[in-house]
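Novice: Before anything else, here's the structure in question.
6 protein chains.
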Amino acid sequence: MATQTQGKTGSERPSPGQTQEARYERGLKKMAEIYGVPVEDFIAPLGDLGRYMVEFPYGDIYSRDGLAARDREIATIAMLTALGGREPQLRVHVNSALNVGLTPDELYEIILHTLIFAGFPTAINALSVLSDVLSKRDGGQKSV
Amino acid sequence: MATQTQGKTGSERPSPGQTQEARYERGLKKMAEIYGVPVEDFIAPLGDLGRYMVEFPYGDIYSRDGLAARDREIATIAMLTALGGREPQLRVHVNSALNVGLTPDELYEIILHTLIFAGFPTAINALSVLSDVLSKRDGGQKSV
Amino acid sequence: MATQTQGKTGSERPSPGQTQEARYERGLKKMAEIYGVPVEDFIAPLGDLGRYMVEFPYGDIYSRDGLAARDREIATIAMLTALGGREPQLRVHVNSALNVGLTPDELYEIILHTLIFAGFPTAINALSVLSDVLSKRDGGQKSV
Amino acid sequence: MATQTQGKTGSERPSPGQTQEARYERGLKKMAEIYGVPVEDFIAPLGDLGRYMVEFPYGDIYSRDGLAARDREIATIAMLTALGGREPQLRVHVNSALNVGLTPDELYEIILHTLIFAGFPTAINALSVLSDVLSKRDGGQKSV
Amino acid sequence: MATQTQGKTGSERPSPGQTQEARYERGLKKMAEIYGVPVEDFIAPLGDLGRYMVEFPYGDIYSRDGLAARDREIATIAMLTALGGREPQLRVHVNSALNVGLTPDELYEIILHTLIFAGFPTAINALSVLSDVLSKRDGGQKSV
Amino acid sequence: MATQTQGKTGSERPSPGQTQEARYERGLKKMAEIYGVPVEDFIAPLGDLGRYMVEFPYGDIYSRDGLAARDREIATIAMLTALGGREPQLRVHVNSALNVGLTPDELYEIILHTLIFAGFPTAINALSVLSDVLSKRDGGQKSV
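Protein chains in written order, with my numbering: chain F, 1 to 144; chain Y, 1001 to 1144; chain A, 2001 to 2144; chain B, 3001 to 3144; chain H, 4001 to 4144; chain X, 5001 to 5144.
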């Protein structure tokens, strides 16, 4: 499998001469695209951790061709819910998930799906985050 | 959000008069569809736990309309990888994921995606399961 | 074991013709009994997740004959403590545990018992929840 | 609560002049009682970790009066199941639980109960341990 | 290994006649040394849990000769970060780590190091705790 | 803190024009240094996951100046123990830890230290890995 996968994904590998600067710029652009807002203010206070977040999760992983952004956010919401105790990141990624085309109902379905693998408490906590984000995005409008 | 979601998903709610037997049959059919093989031999040794698995994860959750089977397996593979220590279930769901249309390369991408949220050890363990399942399905052929 | 257990618990299996409505009603009654208060307002905002909570944890699991409610809450408090990050549910189940007959001192003992299997941080967090719930139930009276 | 609990449990506090040797002996006796077999061979290879296990979990916690051994094993089985990845300890405590009076069916019920709080994969893994321990204790007899 | 380690660490073993009172006093002194402040007010509300914390983590483990306090806090910060959901204890131990000689930059490096093994969400949460503790210790001075 | 740390660690930041190839080479060298053996055979079967492991954990994080390799392995052993279910990686890093100067007794102390934060089961599992690695490195000699 590895050889196979290695081969198929080989074209996504950055050319050896690619600079770190290019990788950072690619990550910054991808991160802003996922977050739906400019991210400089978010990453600056994190120091090198912010730089690594731009470079590795966004410059490397999210920038790969093999999985759509929508699919990545399905995986992300499911993991952040099931692992528990990651509410700040779940809040960010509920917004990201909506930005890349997942609907509120689909997010609700993903949270329901986690019941099978992680039980009810983490799902209830995630639903609380989802409801809060949605009500804030609605600007308090109940009708959306 | 809740009212909204409740409303939109209301049509998926089993009619109040639906029997437990109908729910069990629906779950058994869905589970066999996801697993790709008859599941009676798998669930029988589990006793009531097997019955609940048919009824709740498959009769209730997987049978909902709001999220495609492919999307559900993306979430499942990501969670089982990130939570760690669930290798037997990961093995089952790598097969399920392939059955519902995810490709080996997409499964590889999902495992890479978990690096962001759960680090390298659980991803490496999951890749080991993926490689093993793929080589078994290939009947030892390296060329697939 | 499975066959044995399956056989012994067979009498608890709902008759095949039992309707979903009957299961929901049984769950609602059991959940209110455990919580000690009417639960409709708690589950309504959760949408289908609320319905599943009534049906599966309370209509199916808590309604089984093989383990007393007091024993179930011992297991529940221990798990919610040891898993960590599930404080809202721990708060609910401290109240449930008191409702089904566990004493404040027994809850304190269960939290101490988790030290062996999950260490000090989660036990200290759980003790904080326990103290808070007890002081609220006392109406601020220190003497109880 | 703390003051209250502190007061009520104060009588269980070992007298200040009690020696470490007495505590170790108490732990060794309690541990053998729970395990149902002499434990020296089990703890010797662990070095000081074995000594601490005798002293703290068994000499201190299990020796407290406030919670019965049966209740402690309910909590233990639930935690070891829900936390996952602790199969060797689950194996030991399935035996301990049987030794202090829990029945195979009650252990099965505790595992079912964890479904609510930790989902299906860890419960299925625990059931596998339970089945294996029970078949070994039966000496291969299916009829017990 | 066990025999070897057992042998080498044998000198750290409290003499069999040592009293519980001596162990408690040793733990109290060690805990105050690590925390950098008197700890009676911290442990009193915890009841016996507070006593056990003095005795076992501080009287037994932290008092061992085989690992420096600085090394212990490296392990502690890494674990509390990676496990997640233990922010109150992380807050305490960021202070402890600074007290035993780790610098703010070293704590930042430890948090970065956890990225490898537990991913970004828990590291970001830990960085938030670190920043908050440091700004409070600075008395709001940005220049330190 | 962030600005401060960012400033202090700024000199460790790779120059913007540094190529990915240079980063990969730095990671490969650092990884071999930590592992104590050539690592190409280890990473090749992992495909891009192997490349990322070279680049991010070793090329970026382990290559930072702010924390010694010995300190990094203290954190690593503690995390892998406390998180549980990561035995293959623990096995690798017990060897790494010995390579960078930690002694068997210090590794034993780190495992004991995890008792405070994660309880006994994960520590016992880690001790089993430690004993096994040590006996293999000894070539079966008991006297080391």
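Glycine residues also receive a C-beta, built at the ideal position from the N, C-alpha and C atoms.
1) Can you list the alpha helix (DSSP H) stretches of 4 or more residues lying completely in the region 3004-3074 of chain B, in chain order?
2) Going along the chain, which residues of its own chain have a beta-carbon closer than 6 Å to the beta-carbon of residue 5134(X), five neighbours each way excluded?
3) For residue 3114(B), return the contacting residues in chain H, with the cut-off set at a CB-CB distance below 9 Å.
4) Could you have a look at residue 3086(B) and say whether DSSP puts it in helix, strand or coil?
5) Closer than 9 Å by beta-carbon distance: list the chain B residues that pair up with residue 1064(Y), in chain order.
6) May I have the straight-line CA-CA distance separating residue 5046(X) from residue 1124(Y), to the nearest angstrom?
7) Does DSSP put residue 4102(H) in a helix, in a strand, or in coil?
8) Residues of the region 1083-1109 of chain Y with a CB closer than 8 Å to any CB of chain X: list them in chain order, please.
9) Would you kindly report the start and end of the unbroken alpha helix (DSSP H) that includes residue 4132(H)?
10) Just mark residue 5118(X) as buried or exposed, buried being the case when its beta carbon has 16 or more other beta carbons within 10 Å.
11) Give me the chain B residues within the contact set of residue 2174(A), using Cβ-Cβ distance strictly less than 9 Å, ordered along the chain.
12) For residue 44(F), count the other beta carbons within 10 Å of its own beta carbon; 16 or more makes it buried, fewer makes it exposed. Which is it?
13) Among 3080(B), 3027(B), 3039(B) and 3084(B), which has the Cα closest to the Cα of residue 3055(B)?
14) Suppose you measure from the CA of residue 2122(A) to the CA of residue 4087(H); what does that come to, to the nearest Å?
15) Taking only beta carbons into account, state which residues of the region 2016-2038 of chain A come closer than 9 Å to chain Y, listed in chain order.
16) With a threshold of 8 Å between beta-carbons, can residue 5124(X) be considered close to chain Y, or not?
17) Below 8 Å, can you find three or more Cβ-Cβ pairs linking the region 4078-4094 of chain H to the region 1074-1091 of chain Y?
18) What residues of chain H sit near residue 2120(A), judged by a beta carbon separation below 7 Å?
19) At 7 Å on the CB atoms, spell out the chain X contacts of residue 1127(Y), in chain order.
20) Report the CB separation of residue 4017(H) from residue 3019(B) in whole angstroms; it is logged as a contact under 8 Å.
21) Comparing the C-beta of residue 1061(Y) with each C-beta of chain F, is any distance below 8 Å?
22) Are residue 3077(B) and residue 3110(B) touching if we call contact CB-CB under 8 Å?
23) At 7 Å on the CB atoms, spell out the chain X contacts of residue 4071(H), in chain order.
24) For residue 150(F), does the count of other Cβ atoms within 10 angstroms reach 16, so buried, or fall short, so exposed?
25) Rounded to whole angstroms, what's the CA-CA distance from residue 5096(X) to residue 4068(H)? Just pull it up for me.
26) How close, in whole Å, do the beta carbons of residue 5030(X) and residue 5062(X) come, if the pair is a contact with beta carbons under 8 Å?
27) So, using beta-carbon positions, are residue 2098(A) and residue 4048(H) closer together than 8 Å?
28) Tell me which same chain residues have a C-beta within less than 7 Å of the C-beta of residue 5107(X), skipping the five on either side of it?
29) Nearest-angstrom Cα distance between residue 3120(B) and residue 2075(A)?
30) Whose C-beta lies closer than 7 Å to the C-beta of residue 4032(H) among residues of the same chain, with five residues either side of it excluded?
31) Quick check on this structure: which residue in 2138(A), 2114(A), 2024(A) and 2137(A) has the alpha carbon closest to the alpha carbon of residue 3072(B)?
Specialist: Short version:
1) Complete alpha helix (DSSP H) runs here, min 4: 3020-3035, 3040-3043 and 3048-3053.
2) The count along the sixth sequence starts at 1 and reaches residue 5134(X) at position 134. Taken in chain order, the residues that qualify are 5104.
3) Taking the first residue of the fourth sequence as 1, we reach residue 3114(B) at position 114. For residue 3114(B), none of the residues of chain H pass the 9 Å Cβ criterion, the least Cβ distance being about 19 Å.
4) One-based indexing of the fourth sequence puts residue 3086(B) at position 86. Coil, per DSSP.
5) The residue labelled residue 1064(Y) in the question sits at position 64 within the second sequence. Per Cβ cutoff of 9 Å: no residues; residue 1064(Y) is ~17 Å from chain B at best.
6) Taking the first residue of the sixth sequence as 1, we reach residue 5046(X) at position 46. Taking the first residue of the second sequence as 1, we reach residue 1124(Y) at position 124. In a straight line, the C-alpha of residue 5046(X) is about 8 Å away from that of residue 1124(Y).
7) Position 102 of the fifth sequence holds residue 4102(H). It is coil, neither helix nor strand.
8) Correct list: 1084, 1085 and 1108.
9) The sequence position of residue 4132(H) within the fifth sequence is 132, counting from 1. 4120-4137 is the span of the alpha helix (DSSP H), which, as asked, contains residue 4132(H).
10) In the sixth sequence, the residue the question calls residue 5118(X) occupies position 118. Its Cβ being crowded by 16 or more others within 10 Å, residue 5118(X) is buried.
11) Lying before the first or after the last residue shown, residue 2174(A) is absent from chain A, which here runs from 2001 to 2144.
12) Sequence index remark: in the first sequence, residue 44(F) carries index 44 (1-based). Exposed.
13) The residue you call residue 3055(B) lines up with position 55 of the fourth sequence. The shortest C-alpha to C-alpha distance from residue 3055(B) to any of 3080(B), 3027(B), 3039(B) and 3084(B) is the one to 3027(B).
14) To locate residue 2122(A), count along the third sequence from 1; it is residue 122. To locate residue 4087(H), count along the fifth sequence from 1; it is residue 87. If I take the Cα positions, the gap works out to 10 Å.
15) Those would be 2016, 2017, 2018, 2019, 2020, 2021, 2022, 2023 and 2024, in chain order.
16) Translated into the one-based positions of the sixth sequence, residue 5124(X) becomes position 124. With a threshold of 8 Å between beta carbons, residue 5124(X) makes no contact with chain Y.
17) With contact defined as three or more Cβ pairs closer than 8 Å, the region 4078-4094 of chain H and the region 1074-1091 of chain Y are not in contact.
18) Counting from 1 along the third sequence, the entry for residue 2120(A) is found at position 120. In chain order: 4053 and 4057.
19) For the purposes of this step, residue 1127(Y) is taken as the residue at position 127 of the second sequence. Within chain X, the residues near residue 1127(Y) are 5046 and 5049.
20) As a working note, residue 4017(H) is residue 17 in the fifth sequence. As a working note, residue 3019(B) is residue 19 in the fourth sequence. So it is a contact: roughly 5 Å between Cβ atoms.
21) Counting from 1 along the second sequence, the entry for residue 1061(Y) is found at position 61. Answer yes: the Cβ-Cβ gap between residue 1061(Y) and chain F drops below 8 Å somewhere.
22) Numbered from its first residue, the fourth sequence carries residue 3077(B) at position 77. Numbered from its first residue, the fourth sequence carries residue 3110(B) at position 110. Between residue 3077(B) and residue 3110(B), the gap from beta carbon to beta carbon is short of 8 Å.
23) As a first step, residue 4071(H) is located in the fifth sequence; it is residue number 71 there, counting from the start. Here the neighbours are 5074.
24) Only positions 1 to 144 of chain F appear in this structure, which leaves residue 150(F) out of reach.
25) The sequence position of residue 5096(X) within the sixth sequence is 96, counting from 1. The sequence position of residue 4068(H) within the fifth sequence is 68, counting from 1. Roughly 20 Å between the two C-alpha positions.
26) Looking up residue 5030(X) in the sixth sequence gives position 30. Looking up residue 5062(X) in the sixth sequence gives position 62. Contact holds; Cβ gap of about 5 Å.
27) In the third sequence, residue 2098(A) corresponds to position 98, counting from 1. In the fifth sequence, residue 4048(H) corresponds to position 48, counting from 1. Judged by their CB atoms, residue 2098(A) and residue 4048(H) are not nearer to each other than the 8 Å cut-off.
28) As a first step, residue 5107(X) must be located in the sixth sequence, where it is residue number 107. Setting aside the 5 residues that flank it on each side, residue 5107(X) is surrounded in the same chain by 5077, 5094, 5097 and 5130, each with a C-beta closer than 7 Å to its C-beta; the list follows chain order.
29) For this step, residue 3120(B) is matched to residue 120 along the fourth sequence. For this step, residue 2075(A) is matched to residue 75 along the third sequence. In this structure, the CA atom of residue 3120(B) is about 16 Å from the CA atom of residue 2075(A).
30) Within the fifth sequence, numbered from 1, the residue matching residue 4032(H) stands at position 32. Counting only Cβ-Cβ distances below 7 Å, and skipping sequence neighbours, we find 4038 and 4039.
31) Within the fourth sequence, numbered from 1, the residue matching residue 3072(B) stands at position 72. Closest option to residue 3072(B), Cα to Cα, is 2114(A).
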